[in-house]
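Undergrad: Those protein sequence lines, which keep their order, are chains H and U.
Using our numbering, read the first sequence as starting at 1 and increasing by one per residue.
Using our numbering, read the second sequence as starting at 260 and increasing by one per residue.
Cβ coordinates follow ideal geometry from the N, Cα and C atoms, glycine included.
Please read all numbers here as calculations on a predicted model, not as lab measurements.
Take a look at this one; I'll ask things after.
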Amino acid sequence: MFIPVEATPPSFKGFTLILPAIAVGNVAQLAVDLIVSTLSMKRVGYMHTDCLVPMVGPNPYATSAEDAGEIHTTAEVYTDAEKKLAVLQIRSPLIQSRSKKFRKLLVSWIKASEFSRTVVLSSSHAYQRDDQQLKGTPLRYLVTPAMRTASGPALTELGWMEMERLSPFPGLVEAVPRLSIPGGGVTKGLFTDGCQEELCLAVVLVFCSEGDNVPDAFTLVNHLNEWLLLVDNDVRAQKWKVPGSWRLLFGSSHPPSIF
Amino acid sequence: MLQVFCLCMCSPRQPGRQWGMLQFPMRGVKLSVDKRAPNQHASSTERKTTVHAGCWRREEPFLCTHCVSATGVVCMSASTASIVSRSPSKKGSSVCSGSGDSRHCALQITNLQHLASCCVYMEQNLEGSFDFQNSLYCKVILCQISGYIEEDQQFQWTEKVLGGFKQKGLSVTVLSDSPVAEYKNMDHASSSSSPFLLCLQTKSSTTNPQCPLLEQPNIFTGIQAAVLSHCQVNQIPAVAYQCYSDAISPDSITMDTYKLAFTSVGDIKVGPLPSADIFNKFIKTNHIQSNLYI
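As structure tokens, this is what we get:
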């Protein structure tokens, strides 16, 4: 559950919440890292729960030696009061048997905090795309009915593609198309819960494969920026600041003494 | 002020755990606490607490050799002790009543499913009954984890153990170890300088650690992460020390690295390392893993 850093809990009323789903290539989590690092967001609370594997580490967004030693935990909430933006970053995998409990926890927290809208960033396996999904952009979105009323026209105007409902058995005409997000983790569950609980929730996802997912994270966050305008949308400028925790993503290089 | 030391077993070598055992000669009795999830109930086939009678002088290590069991749990003996066997309906808390000069208590938390267990040793200055939940009279508590605690139980374990202490005046230190191959660094001199100690501390910690802080992109996982997260969130001063070593089995050099962890702790005096005879009593070396060349 949410535990604030300061004695007085922060108010999230009217804020936009961005949260990542633990999905293929951890693209959403990398994208959230870029947002927090670029906007120098301030940590306001912890999501202290048994649904996630515990981990701690030094400050991933440290800019100087003074704040480098500050420890950061598995799931934390950061805010930018000026932009009325809140971000939940999740840094470790979900414990499988508790994924439903985690979804319930998130939904009840979103409702209690009175966020104006929630954006779930996610990804899906590129190799499981349908024939029609193979063409064009790898980015998709989904909106709950409440969000469609609020922001549907804006997304259509941007030319975004809505996630297709696919037939579970291609070629079989009688099969009813359904929503499928393979590799998306809790994305589909969260979206379904959002529809049921009448949350103003959108999902923005990218089709990708496992590997070096840094370019996918940039693709996702640039796409999100077209809608939310988090940073100046100038194509020429280097918009996003890479955090220090992205060094040595694939481990140290080989020691020279082995040769 | 109450100091809690958690010794984690992160690898079969367990140098952190061994070092802690050497430096904390204590004696007491062993109890059981139900460590399982709240919706599970004690069964009638549950292991009963055992007490080994015997006494030894305070200068000697507390280890009683016949207590080392298959799970690697080390228990302690008490001069005269009586155990209150835990009633199945009571979960989480245990009451120990000692008699005579039994001044110290131990609490063993056993995971019956996975055979992982931990012992908590306490030093107290008060004779007579002792309530684990009331840590008023204790100065130092040593929590020794000898098995691997599964990822889905680490959070509950931490809540159960640390939740039993009053937060006022509490300070936690965690000792753990890791292979140096898992340490990410641009500088390749790190592997030649192993073993070395790094640490992380919570925001409310006022300790001035004598070893460098862990730097990005390295992280702590496992039970030390669970303990440190709990302390960070609940504003308990805590420091976690991790020793990166390339040694397969515990040795005196690796264990000596942990001395830095105790230099900034008030009352604890770090003596010289014990003799080889004492080491041999509880460190298994030349443990044959394979029967290929017997």
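Return the first residue and the last residue of the alpha helix (DSSP H) that A68/H is part of.
TA: Looking at the DSSP string, A68/H is not in any alpha helix (DSSP H), and its letter there is neither H nor E.
Undergrad: Tell me the rounded alpha-carbon separation between L224/H and G211/H.
TA: Cα to Cα, the separation comes out at about 22 Å.
Undergrad: If contact is defined by three or more beta carbon pairs under 8 Å, each pair taking one atom from either stretch, is the segment 150–167 of chain H in contact with the segment 65–72 of chain H?
TA: These segments do not touch.
Undergrad: Is the segment 422–432 of chain U in contact with the segment 496–505 of chain U, if contact means three or more CB pairs nearer than 8 Å?
TA: Contact holds: three or more Cβ-Cβ distances are below 8 Å.
Undergrad: Return the bridge partner residues of G45/H from the DSSP annotation.
TA: Answer by DSSP bridge pairing, in chain order: P4/H and V77/H.
Undergrad: Looking only at C-alpha atoms, which of D510/U, W416/U and M445/U sits nearest to L248/H?
TA: Looking at the Cα atoms, M445/U is the closest of the given residues.
Undergrad: Please list, in chain order, the residues of the segment 478–509 of chain U that have any C-beta partner in chain H closer than 9 Å.
TA: Within the segment 478–509 of chain U, the residues whose Cβ lies closer than 9 Å to some Cβ of chain H are I478, F479, T480, G481, I482, Q483, A484, A485, V486, L487, S488, H489, Q491, V492, N493 and A499, listed in chain order.
Undergrad: Please decide whether V206/H counts as near chain U, where near means a Cβ-Cβ distance under 9 Å.
TA: Not an interface residue.
Undergrad: Got a sec: is the Cβ-Cβ distance from V242/H to anything in chain U below 9 Å?
TA: No, because no Cβ of chain U sits closer than 9 Å to the Cβ of V242/H.
Undergrad: Would you list the residues sitting across from Y141/H in a DSSP beta bridge?
TA: Bridge partners of Y141/H: E162/H and V204/H.
Undergrad: Going by alpha carbons, who is nearest to M41/H out of M47/H, H48/H and D33/H?
TA: Checking every option, the nearest Cα to that of M41/H belongs to D33/H.
Undergrad: Against chain U, which members of the segment 45–66 of chain H pass a CB distance test of less than 8 Å?
TA: From the segment 45–66 of chain H, only Y46, H48, T49, D50, V53, P54, M55, V56, G57, P58, N59, P60 and A62 have a Cβ closer than 8 Å to chain U.
Undergrad: Using a cut-off of 7 Å between C-beta atoms, extract the partners of N467/U located in chain H.
TA: The premise fails here: N467/U is roughly 12 Å from chain H at the closest Cβ pair, so nothing lies under 7 Å.
Undergrad: Are A86/H and I18/H touching if we call contact CB-CB under 9 Å?
TA: Taking 9 Å as the Cβ cut-off, A86/H and I18/H qualify as a contacting pair.
Undergrad: Quick check: what's the CA-CA separation for L179/H versus L229/H?
TA: Using only the alpha carbons, I get a separation of about 28 Å.
Undergrad: Using CA coordinates, which residue listed in K241/H, V203/H, D216/H and A65/H is at the minimum distance from M147/H?
TA: The residue with the shortest Cα to Cα distance from M147/H is V203/H.
Undergrad: So with Cβ pairs under 9 Å, would you call W246/H a contact of chain U?
TA: Interface residue, yes.
Undergrad: Have a look at C51/H, N26/H, E164/H and V176/H and flag the residue whose alpha-carbon is nearest the alpha-carbon of V214/H.
TA: Ranking C51/H, N26/H, E164/H and V176/H by Cα distance to V214/H puts N26/H first.
Undergrad: Would you mind reading off the limits of the beta strand (DSSP E) that contains M445/U?
TA: Segment: none, M445/U is in no beta strand (DSSP E) and carries neither H nor E.
Undergrad: I'd like to know whether the C-beta of T432/U is nearer than 9 Å to at least one C-beta of chain H.
TA: With 9 Å as the cut-off, T432/U does not count as an interface residue toward chain H.
Undergrad: Among S122/H, A31/H and G57/H, which has the Cα closest to the Cα of E474/U?
TA: Checking every option, the nearest Cα to that of E474/U belongs to G57/H.
Undergrad: What does I90/H reach in chain U if we use C-beta pairs closer than 9 Å?
TA: Ordered by position in chain U, no residue passes the 9 Å Cβ test against I90/H, which lies about 13 Å from the chain.
Undergrad: Counting only Cβ-Cβ distances shorter than 7 Å, please list the residues of the segment 74–85 of chain H near chain U, keeping chain order.
TA: Going along the segment 74–85 of chain H in chain order, one finds T74 with a Cβ nearer than 7 Å to chain U.
Undergrad: Check the Cβ of E70/H against every Cβ in chain U and list those closer than 8 Å, keeping chain order.
TA: Near E70/H (Cβ distances below 8 Å), the residues of chain U are K462.
Undergrad: Would you call the CB atoms of L139/H and L220/H closer than 9 Å?
TA: It is a contact, given that the beta carbons lie within the stated cut-off.
Undergrad: 9 Å is my cut-off, CB to CB: does Y517/U come that close to chain H?
TA: No, because no Cβ of chain H sits closer than 9 Å to the Cβ of Y517/U.
Undergrad: For the alpha helix (DSSP H) that C195/H lies in, which residues bound it at each end?
TA: C195/H -> alpha helix (DSSP H) spans T187 to Q196.
Undergrad: I need the DSSP call for S500/U, collapsed to helix, strand or coil.
TA: Strictly speaking, residue 500/U in this sequence is Tyr, with Ser absent from that position. The answer is strand: DSSP assigns Y500/U an E or B state.
Undergrad: So G189/H and R103/H are supposed to be a Cβ contact under 8 Å. How far apart are they, rounded?
TA: Right, their Cβ atoms sit about 5 Å apart.
Undergrad: I'd like to know if D411/U contacts chain H, where contact means its C-beta is closer than 9 Å to some C-beta of that chain.
TA: Taking Cβ atoms only, chain H reaches closer than 9 Å to D411/U, which makes this a yes.
Undergrad: Please work out which residues of its chain come closer than 7 Å, Cβ to Cβ, to S549/U, disregarding the five sequence neighbours upstream and downstream, and give them in chain order.
TA: None.
Undergrad: Quick one: using the 10 Å Cβ neighbour count with 16 as the cut-off for buried, is Q96/H buried or exposed?
TA: Exposed is the call here.
Undergrad: Going by the beta-carbon positions, is the gap between F479/U and D50/H smaller than 9 Å?
TA: The answer is no: Cβ separation not under 9 Å.
Undergrad: Give the interface partners of G251/H over in chain U, defined as CB-CB distance under 7 Å, in chain order.
TA: Going along chain U in sequence order, the residues near G251/H (Cβ under 7 Å) are K443.
Undergrad: Short check: CB of L456/U to CB of Y503/U, under 9 Å?
TA: Yes.
Undergrad: Please say whether V53/H and S108/H have beta carbons closer to each other than 9 Å?
TA: No, these two residues do not count as a Cβ contact at 9 Å.
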